[in-house]
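This report refers to the structure that appears directly beneath it.
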Amino acid sequence: MAVGMDRQDPARPDFAEAPDAAWIESVARATIERLPPAFAAHLGDVVLLVEEFADDEVLAALGLDDPFELTGLYDGRPIGEKSAMESGAMPDRIHLYRRAILEEWIETGVRLDDLVAHVTVHEIGHHFGLSDDDMHALEDSVED
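Residue numbers (the numbering used here): -12 to 131.
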């Protein structure tokens, strides 16, 4: 690690080596903590997972051949489609795919913490059934 760099500081995008899943998870959780309370209150049961890539089954279901094409996935039913009478369902999950995120970071040159926040907010937006415009507004609300 280069002198003066702290891999655990999400504001530092200049890494000597690729950040691990724990770093990406810490950035995603920090993003969630900055959400407006009305959104954060409905995320308590959502599981956040950081994985290397989407598995073959997920890629096939989405019609994707290249695992680098998928940086994140919301797996669950949007809040507006849920019933209070539902029970026994698997918890909603947000998957962040580390290697695809890192590849996009390299290709685009955006700050890695900004990219992780963007993917996280986008997947949270699916949890709430938001449009892309609404997701952009939500993303703007969590920027530092």
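Built from N, CA and C at the ideal position, the CB exists for glycine as well. Source: prediction; values computed, not measured.
Note down the Cα distance separating Asp121 from Glu39, rounded to an integer number of angstroms. By one-based count along the sequence shown, residue 121 stands at place 134. By one-based count along the sequence shown, residue 39 stands at place 52. So the two alpha carbons sit approximately 28 angstroms from each other.
Alpha carbon to alpha carbon, how far is Ala27 from Ile19? As a working note, residue 27 is residue 40 in the sequence shown. As a working note, residue 19 is residue 32 in the sequence shown. Going from the Cα of Ala27 to the Cα of Ile19 covers about 7 angstroms.
Any alpha helix (DSSP H) of 4 or more consecutive residues that is wholly inside the stretch -8 to 56: 8 to 20, 24 to 27 and 43 to 48
To the nearest angstrom, report how far apart Pro65 and Asp127 are at their CA atoms. Position 78 of the sequence shown holds residue 65. Position 140 of the sequence shown holds residue 127. Looking at the two C-alpha atoms, the distance is approximately 21 angstroms.
Quickly, what does DSSP pair Leu60 with across the bridge? List them, please. Mapped onto the sequence shown, residue 60 falls at position 73. Looking at the DSSP assignment, Leu60 forms a beta bridge with His82.
Classify Leu125 as helix, strand or coil using the three-state DSSP reduction. The residue given as residue 125 occupies position 138 in the sequence shown. Leu125 falls in the helix class under three-state DSSP.
Leu49 burial status per 10 Å Cβ neighbour count (16 or more: buried): Here residue 49 refers to the residue found at position 62 when the sequence shown is read from its first residue. Exposed.
Please check the pair Val133 and Pro78, which I expect to be a contact at CB under 8 angstroms, by giving their CB distance rounded to whole angstroms. Residue 133 falls outside the range modelled here, since the chain spans only -12 to 131, and no answer is possible.
Taking Cβ positions, are Leu89 and Val37 nearer each other than 9 angstroms? Locating residue 89 in the sequence shown gives position 102, counting from the first residue. Locating residue 37 in the sequence shown gives position 50, counting from the first residue. Not in contact: Leu89 and Val37 (Cβ atoms no closer than 9 angstroms).
When you compare only the Cα positions, how much space is there between Asp43 and Arg86? Along the sequence shown, one-based indexing puts residue 43 at 56. Along the sequence shown, one-based indexing puts residue 86 at 99. Distance between the alpha carbons of Asp43 and Arg86: 15 angstroms.
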